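Quick notes on the structure that follows.
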Amino acid sequence: MKVATFNINNINRRLPNLLRWLRQTRPDVVCLQELKSADADFPVSAVEKAGYGAVWRGQKTWNGVAILARNADPVLIRTELPGDPSDKEARYIEAAVRGIIVTSLYLPNGNPQPGPKFDFKLAWFKRLQRHAAKFLKQDIPVVLAGDYNVAPAAIDIYPTKSWDKDALIQPKSRAAFASLMAQGWTDAVRGLHLSKPMYTFWDYKRNRWPRDAGLRLDHLLLSPALAPRLLKAGVDRKIRGEDGASDHAPAWIVLK
2 MKVATFNINN INRRLPNLLR WLRQTRPDVV CLQELKSADA DFPVSAVEKA GYGAVWRGQK
62 TWNGVAILAR NADPVLIRTE LPGDPSDKEA RYIEAAVRGI IVTSLYLPNG NPQPGPKFDF
122 KLAWFKRLQR HAAKFLKQDI PVVLAGDYNV APAAIDIYPT KSWDKDALIQ PKSRAAFASL
182 MAQGWTDAVR GLHLSKPMYT FWDYKRNRWP RDAGLRLDHL LLSPALAPRL LKAGVDRKIR
242 GEDGASDHAP AWIVLK
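Residue numbers (this note's numbering): 2 to 257.
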């Protein structure tokens, strides 16, 4: 069973790229972020024609998340992260697919920091930690997949000082990710590639893709009930080099 997470950065604009990648790699489950599409504008017909059922929560211009399943219909569980009724941003969706719980999440960027956007990022992280802890108490197979907007360690960003003030690598951001991991989750891609950078994001600015000036922001975290099933993990880097590509590449895992 292959599960992937992909910040598509506008699903309608990148639809040809998405469909081509689906044909080439045939993942069983796909978690998408940054749809940048209202619910009514989600390209459901094209996705279904490609062989995928889908659930999604859209938002015009910003955010938006979805879960796709090949030759199956994801069973929607929730479209909001619990803990803040005032949060109306489309950043979280959760579904059951082939016997596991799958989330697609788009954690707030947090820039500029310090400030209210960074505070919102940390508060969102705390809500995620509380919700994730409930999964572990149930001892069920779960994958928390998505764009966490955190490069967890020095290996997860190219050698540079230009991002030192960015919310993606602040000590508080990394500490929040580490606290989540400390609950007992497994960082699947890093767990199988201890010494490789495994970047998933290359900014459009400053020629960063050709220079391989990347960051690892997109993660698949496995619950203890699911981690023993991990066989393979990787990043489809070449997708980032296509014409009209997202600034992210898909990260993926294979489960037995």
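Backbone N, C-alpha and C define an ideal beta-carbon position, used for all residues, glycine too.
Quick caveat: nothing in here was measured; it's all calculated off a predicted structure.
query, result
"Three-state secondary structure assigned by DSSP to Q171", "coil"
"D219 - partner residues in DSSP beta bridges", "D148"
"A55 to V31 span [Cα, whole Å]", "9 Å"
"Alpha-carbon spacing of D237 relative to F202, whole angstroms", "11 Å"
"Nonlocal neighbours in the same chain, by C-beta distance under 8 Å from I78, ignoring five residues either side", "E95, A96, A97, I102"
"Top-ranked residue by Cα proximity to T26, from A5, Y93, F178", "A5"
"Residue ranges of each alpha helix (DSSP H) within the stretch 171 to 243, 4 or longer", "172 to 183, 189 to 193"
"Separation of I240 from L227, as counted between CA atoms", "28 Å"
"Beta-carbon spacing of N10, E243 below 7 Å", "no"
"Integer Cβ distance of G147 from Y200, believed to fall under 8 Å", "With 8 Å as the limit, G147 and Y200 do not qualify as a contact, their Cβ atoms being about 16 Å apart."
"Backbone secondary structure at Q60 - three-state DSSP", "coil"
"Inter-residue CB distance, L82 and R128 (contact presumed, cutoff 8 Å)", "5 Å"
"Burial state of I219 (16 or more Cβ within 10 Å)", "Here the sequence assigns Asp to residue 219, which means Ile is not the residue at that position. Buried is the call here."
"Cα-Cα separation, G245 to R15", "7 Å"
"Span of the beta strand (DSSP E) around R79", "76 to 79"
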